[in-house]
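In the UniProt record's numbering, the protein residues as written are 1 to 275.
Just so you know, even glycine gets a beta-carbon here, dropped at the ideal spot from N, CA and C.
Since this is a predicted model, take the numbers as computed values, not measurements.
What follows is one structure encoded as structure tokens, with my remarks underneath.
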Ligand SMILES: C[S@@+](CC[C@H](N)C(=O)[O-])C[C@H]1O[C@@H](n2cnc3c(N)ncnc32)[C@H](O)[C@@H]1O
């Protein structure tokens, strides 16, 4: 049950609140490893989206057609919807449209080729104090599929439960910093099921972008609860072997894009293409 996560006082699913205050970014460093055009026109699922920062960035600046963020924790999903509204409220009225023709839907989506410039011009056009003083800007009625309409969120334990959006296969599925939590809660079988679901829900040629947590980070996490401690005793799979498992499901050999993050967040990012 997705709701269970919110009943726990400890974030045993990695359902940290305020996660991005510990891992702050203007542009997520993991996304910068991917080519600028990677998300353009694509349908993207972000599994374990937390407060929706990554999903919003992809929907707002990377030209995705649709981004669905799913998380087991309903409180985080509510925060993700708020994040979408906040990001919308800070955005320049021109949005991502450099030419100023903001009534033309496709041009409202900014595609960042150079992530170091114009951040403040577009992303932080209005100061955060505007939203604090006057409330968020209303999201206009639908009428186009540009940001923020191209971003939505759902609460689900995506390893066990399907969401309606799964019925149309995705072009890209993100699994950022989630494998350890699935592994510790649902053991080897749960992790295998996660990879199986990723394969099933991707189109042929679709890409799984995966940031596994290294094995040495499990020991601190499992101390969070007796259940996780017990589950950890039964784990046979190791993060170094995940690539082989994924390949065996019908993905290519995979590619390591790089390693990003500081301190305990220093992790590899890999891509696997469904054959
Ligand atoms: C450590 S956070 C990573 C957040 C985000 N993916 C990132 O890297 O920026 C892990 C997230 O996965 C979510 N999560 C864990 N197990 C899940 C499951 N079975 N289905 C959906 N979300 C899950 C947690 O609630 C949490 O928000």
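Thinking just about the alpha-carbon of each residue, which of the options is nearest to the one in residue i?
| i | options | result |
| --- | --- | --- |
| residue 154 | 243, 209, 193, 75 | 75 |
| residue 196 | 181, 216, 159, 229 | 159 |
| residue 65 | 256, 38, 89 | 38 |
| residue 203 | 221, 131, 166 | 166 |
| residue 240 | 220, 270, 229, 234 | 270 |
| residue 199 | 256, 272, 228 | 272 |
| residue 19 | 44, 53, 88 | 53 |
| residue 228 | 62, 180, 267 | 180 |
| residue 82 | 137, 126, 220 | 137 |
| residue 84 | 71, 70, 59 | 59 |
| residue 93 | 219, 250, 67, 140 | 140 |
| residue 42 | 67, 33, 23, 57 | 67 |
| residue 190 | 125, 243, 133, 231 | 231 |
| residue 16 | 57, 188, 148, 77 | 77 |
To which residues does DSSP link residue i through a beta bridge?
| i | result |
| --- | --- |
| residue 172 | 44, 207 |
| residue 251 | 274 |
| residue 268 | 259 |
So what's residue i in DSSP terms, helix, strand or just coil?
| i | result |
| --- | --- |
| residue 286 | Nothing about residue 286 can be reported from this structure: the residues present for the chain run from 1 to 275 only. |
| residue 213 | coil |
| residue 153 | strand |
| residue 67 | strand |
| residue 198 | helix |
| residue 237 | coil |
| residue 260 | strand |
| residue 87 | helix |
| residue 54 | helix |
| residue 223 | coil |
| residue 32 | helix |
| residue 243 | helix |
| residue 37 | coil |
| residue 190 | helix |
| residue 26 | coil |
| residue 98 | Note that residue 98 scores a pLDDT of 31, beneath 50, so its modelled location is shaky; the value from the coordinates is reported in the next line. Coil at residue 98, not helix or strand. |
| residue 125 | coil |
| residue 76 | helix |
Hey, is residue i close to ligand 3, as in C-beta under 6 Å from one of its heavy atoms?
| i | result |
| --- | --- |
| residue 190 | By its list of ligands, the structure shown excludes ligand 3, since it contains just ligand 1. |
Any 3 or more C-beta pairs closer than 8 Å across the stretch 22 to 31 and the stretch 258 to 273: yes
Does the stretch 46 to 53 touch the stretch 210 to 229, meaning 3 or more C-beta pairs lie closer than 8 Å? no
Pick out every residue whose C-beta is nearer than 5 Å to a heavy atom of ligand 1: which are they, in chain order? 13, 14, 15, 48, 50, 71, 72, 73, 157, 158, 159, 176, 177, 178, 181
May I ask you to verify whether the stretch 161 to 175 touches the stretch 77 to 90, counting CB pairs closer than 8 Å and requiring at least 3? no
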